[in-house]
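Under numbering that gives the first Met the number 0, the first residue of the sequence shown carries the number 0, and numbering increases by one thereafter.
Read through the structure below, which is laid out as structure tokens, and then see the notes.
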Amino acid sequence: MAVIHDEEFGKITIRRSARASQVKLRVGPDGTLRASLPLYAPTFLIKRLIKTSRHELRELMDQSSATTLYTPGMRIGKSHMLEVGPSAQLSVKRVGQRIIVGLPPATRLDDILVVRQIREVVQAALRIEAKSYLPKRLAYVAAQHGFTYSSVRFSHASGRWGSCNSQGTISLNIALMKLPFEIIDYVLVHELAHTKHLNHSDAFWRTVEMADPRYKEHRRALKQESPTI
């Protein structure tokens, strides 16, 4: 997928699709803009749409930012903590297991530009945690319940917690690290069950239940969460 940059909105990911009939813009789970357009449509159409729709796009970005409320001392993932202090200029950086935000005078933590910069560092922190924890846990759960899979990969490109393809590759959302450990295990079991049933048939759910007898409870809890970072 191609990427363009806008001075106001930052990174915009472009996806071409044979099913697309027009240029569309939306806010992705990571808080950045995603553009879809027909296969042979020129890229300048996206830039023109952005230019003529800045007010509407600002509202979309504001609504997306409102779902993530960062607070001083907030726990990020399993091992990171958000620290906020005064600074001459805005800065967000990860130092060890701390995400340190430097706020200039008259700047608020919930300002959209601040939220965007925090998100970028939070994503990097969650990706580090995910790569450290999830492959080992997936291998353990698979061995414990007799599942096999070919490989595992990570992303934050969609609104799904995980997926499994017909080749046995399991994709896991780095936002899983926001969830309680038992809910993470449910997602892992769910995707491992897809290595045997690439559907949501009764047989699939019976497979899930054998590995996670409390899956209905965990499934309900997961529906209350969002993979948005």
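Using N, Cα and C, we set each Cβ at its ideal position, and we do this for glycine too.
Put simply, the backbone Cα of G95 is about 21 Å away from that of V113. As summarised for the region 112-161, the continuous beta strand (DSSP E) elements at least 3 residues long and confined to that stretch are 150-154, given in chain order.
In this model, F146 and H196 are separated by some 12 Å (Cα to Cα). Secondary-structure assignment with DSSP links H199 through no beta bridge to anything. For H199, the number of other beta carbons within 10 angstroms of its own is below 16, and it is reported as exposed. The alpha-carbon separation between L24 and K92 amounts to approximately 29 Å.
Excluding sequence positions up to five before and after F153, its CB lies within less than 6 Å of the CB of A129, L171 and I173, all in the same chain and listed in chain order.
For T51, no beta strand (DSSP E) encloses it; the enclosing alpha helix (DSSP H) starts and ends at F43 to T51.
Annotation for D184: no beta strand (DSSP E) segment contains it, though the alpha helix (DSSP H) segment containing it runs F180 to A192.
When DSSP states are grouped into helix, strand and coil, K10 belongs to the strand group.
Scanning T227, L48 and R126 for the CA closest to the CA of G158 turns up T227. Distance check between E7 and each of P134, L44 and R57 places R57 closest, using alpha-carbon atoms only. When the five nearest sequence neighbours on each side are left out, the beta carbons in the same chain lying within less than 8 Å of the beta carbon of V151 are those of L133, P134, L137, T168, I169, S170 and L171, in order along the chain.
CA-to-CA, the gap between L36 and V2 works out to about 13 Å. Per DSSP, the unbroken alpha helix (DSSP H) holding L221 starts and ends at Y214 to K222. Assignment of L171 by DSSP, reduced to helix, strand and coil, places it in the strand class. Residue pairing of D5 in beta bridges, as defined by DSSP: G9.
Taking 8 Å as the cut-off, the beta carbon of I11 is found no closer than this to the beta carbon of A40. Beta-carbon to beta-carbon, R107 and G30 are separated by about 17 Å, too far to satisfy the 8 Å threshold.
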